[in-house]
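Comments concern the structure below.
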Amino acid sequence: MEWVAPVDVKMESEGTRKNSTLICAPLMADSVDQMVTYMEKAKLSGADLVEVRLDSLKSFNPGQDIQTLIKLCPLPTLFTYRPKWEGGLYDGDENSRLNALQLAMELGADYIDVELQVAHQFNSSMHNEKPAKCKVIVSSHNYQSTPSIEELGNLVARIQAAGADIVKIATTAVDVTDVARVFQIIVHCQVRGVPTIGLVMGERGLMSRILCPKFGGYLTFGTLESGKVSAPGQPTIDDLVNLYNFRQIGPDTKVFGIIGKPVSHSKSPALYNEAFKRVGFNGVYMRFLVDNVANFLQTYSSVDFVGFSITIPHKEAAVKCCDEVDPVAKSIGAVNCIIRNSSDGKLCGYNTDYVGAITAIENALRGLNHTSGSSPSPLAGKLFVVIGAGGAGKALAYGAKQKGARVVIANRTYDRAKELADTVGGDALSLADLNGFHPEDGMILANTTSIGMQPKIDETPINKEALTPYTLVFDAVYTPKITRLLREAEESGAKIVSGTEMFVGQAYEQFERFTGLPAPKELFRKIMARY
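For the sequence shown, my numbering assigns the number 331 to the initial residue and increments by one for each residue that follows.
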């Protein structure tokens, strides 16, 4: 069965909505006036209901304030009065707290949230006189971890036995694979007709908040502003609705994402989700903060988890996770794209990095030399210095060698540089020696490390004085678009190529592999121009 949204929730854009999972705006405010202002904002931002966090109010007169809040709220209300012992702010008398929630029910609240620990006590005090309109959410919060599937099942049974109309479990993701257990519980509850809110806190739990419509979750929380959260890892309503196309997610929606660590900087969700929406493809793309790529791929083995972009530091480890590896990716020793075959579930790895980066570098050199694309590669015979010996470094070294360049690998650990240099037939040096490396003028420099990436934007892999021998400098980092390395290279007279060029170039092929449709190249360029 599918949840049907409560009749008092106004379904905006009725025709465009593919699920009944509600978006709830958690409101934390110092005063009732401020809370009412936030309620109006929540309505405008597209929320279905608001969670009124009574524990955030600096002064609170239950009889007067609850009535005012219900009367002035343009949306259905969920009242929560969270005590400190369950992660909230209230530190007073327990009876007063429960009496305020009971009053909210009597005055017309649509939902109230009661913690499992006190649910029996609360229900017995009601003497079965609960208003028919109000639904009781019985909640349990675990700020340390996500229990085993058996423990979660037992927890749900206890919450149901405590008189819940709606079950709420919020756990914490120690690893991204923890979310799978909560999805299992939501699906199990949905089959049994038990409305369930199942959310996993923290950055590793983000997908629980985005994919809940796919698995039948009753609601998710979305904040009015970035960073102003009532629990760790909450996205904004704007991101849910406009970045992740939340209203369009259903049981058949295919899941894609970028696997990395760190991954919060990635612009890939903006690129792919807008393109999916534009071409009418039923998919959602998100960030996966992953510690162990093999564990992630084994856990999310359903054919609904279709395709993944792989970024730092997993490009090499991901090769071993694939059932098949494209010959080019095998030669490079790194993959940046994995596709799951819909018929047999097998994983196939590709490398689209080198094409995007090398093409961008070649185009820039041709612009400098005023030559056409049909002439031999302008990289032929050039000394091409690659900083980094990881997955992206391998891709660029391979690509440059294929184009006839003489390749030098510079890396923090010389042994890794030597290993890659020997593989591609080049030379190696340690990163510490790069500042003094000046065998000739007209060289190409390509940084493939994360040095200079947000938030450490003041870092650079090479001194400015050492940049004069280079004709062109490329940086794979694209957040910020102009890194310190690129800024100083341009000041030193070099042509610069940003990581955005590589990012967009590799995304074309990934999009086509993900969807089987031609990449909307102009759209990709327009989206990236915003950043």
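Every residue gets a Cβ at the ideal spot worked out from N, C-alpha and C, and that includes glycine.
All values reported here derive from a predicted model rather than from experimental measurement.
Discussion item. Can you tell me whether glutamate 332 is buried or exposed? The criterion is at least 16 other CB atoms within 10 Å of its CB, across all chains shown.
Written reply: In this predicted model, glutamate 332 has a pLDDT of only 32, less than 50, meaning its place in the structure is not dependable; the value taken from the coordinates is given anyway. The residue in question, glutamate 332, is exposed, as its Cβ has fewer than 16 Cβ neighbours within 10 Å.
Worksheet entry | Closest Cα partner of aspartate 757 within the set Lys748, Leu764, Lys597, Asn603 | Lys748
Worksheet item: Nearest-angstrom Cα distance between leucine 419 and lysine 401?
Response: 25 Å
Practice prompt. Quick one: give me the first and last residue of the beta strand (DSSP E) that tyrosine 800 is part of.
Written response: 800 to 805
Worksheet item: Given 8 Å as the limit, is there contact between the stretch 786 to 806 and the stretch 685 to 692, that is, 3 or more CB pairs closer than that?
Response: yes
Discussion item. Helix, strand or coil, according to DSSP, for methionine 783 in the structure here?
Written reply: coil
Worksheet item: Would you call the CB atoms of leucine 379 and proline 406 closer than 9 Å?
Response: yes
Item to complete: Quick one: give me the first and last residue of the alpha helix (DSSP H) that alanine 694 is part of.
Response: 683 to 699
Item to complete: May I ask you to list the residues that DSSP assigns as paired with alanine 776?
Response: Val716, Phe804
Item to complete: Count the other C-beta atoms from every protein chain shown that fall within 10 angstroms of the C-beta of tyrosine 861, then say buried if there are 16 or more, exposed otherwise.
Response: exposed
Worksheet item: Who are the Cβ neighbours of leucine 713 in its own chain at under 8 Å, not counting the five residues just before and after it?
Response: Ala735, Arg736, Val738, Pro769, Glu770, Gly772, Met773, Ile774
Item to complete: Please check if any C-beta of chain D sits within less than 9 Å of the C-beta of arginine 539.
Response: Looking at the structure shown, chain D is missing, and only one protein chain is on hand.
Worksheet item: What are the complete beta strand (DSSP E) segments, minimum 3 residues, inside the stretch 572 to 607?
Response: 584 to 590
Discussion item. So within the stretch 406 to 484, which uninterrupted beta strand (DSSP E) runs reach at least 3 residues, ignoring any that extend past its ends?
Written reply: 407 to 410, 441 to 445, 465 to 471
Worksheet item: Grouping DSSP H, G and I as helix and E and B as strand, with all else coil, what is tyrosine 728?
Response: helix
Worksheet entry | Contacts around asparagine 765, its chain only, beta-carbon distance under 8 Å, and the 5 residues preceding and following it disregarded | Ile792, Asn793, Glu795, Ala796
Worksheet entry | 8 Å contact criterion, which lysine 724 and leucine 761 should meet: CB distance rounded | Actually they do not touch by this definition, with Cβ atoms about 16 Å apart.
Fill in: Stretch pair the stretch 633 to 651 + the stretch 810 to 829: three plus CB contacts closer than 8 Å
no
Worksheet item: In or out: threonine 367 buried (at least 16 other Cβ within 10 Å) or exposed?
Response: exposed
Worksheet item: Mind checking whether leucine 554 and isoleucine 567 have CB atoms under 9 Å apart?
Response: yes
Item to complete: Under 6 Å Cβ to Cβ from glycine 438, same chain only, skipping five residues before and after it: list those, please.
Response: Ile400
Fill in: DSSP state of threonine 809 mapped onto helix, strand, coil
coil
Discussion item. Going by the DSSP bridge assignment, what does tyrosine 680 pair with across the sheet?
Written reply: Cys667
Worksheet item: Helix, strand or coil for glutamate 646 per DSSP?
Response: coil
Worksheet item: Which of helix, strand or coil does DSSP assign to asparagine 625?
Response: helix
Worksheet item: Which of the three DSSP states, helix, strand or coil, is assigned to cysteine 651?
Response: helix
Worksheet entry | Inter-residue Cα distance where the pair is glutamate 344 and glutamine 578 | Its pLDDT being 39, under 50, glutamate 344 is placed unreliably by the model, and the measurement read from it follows with that caveat. Roughly 11 Å between the two C-alpha positions.
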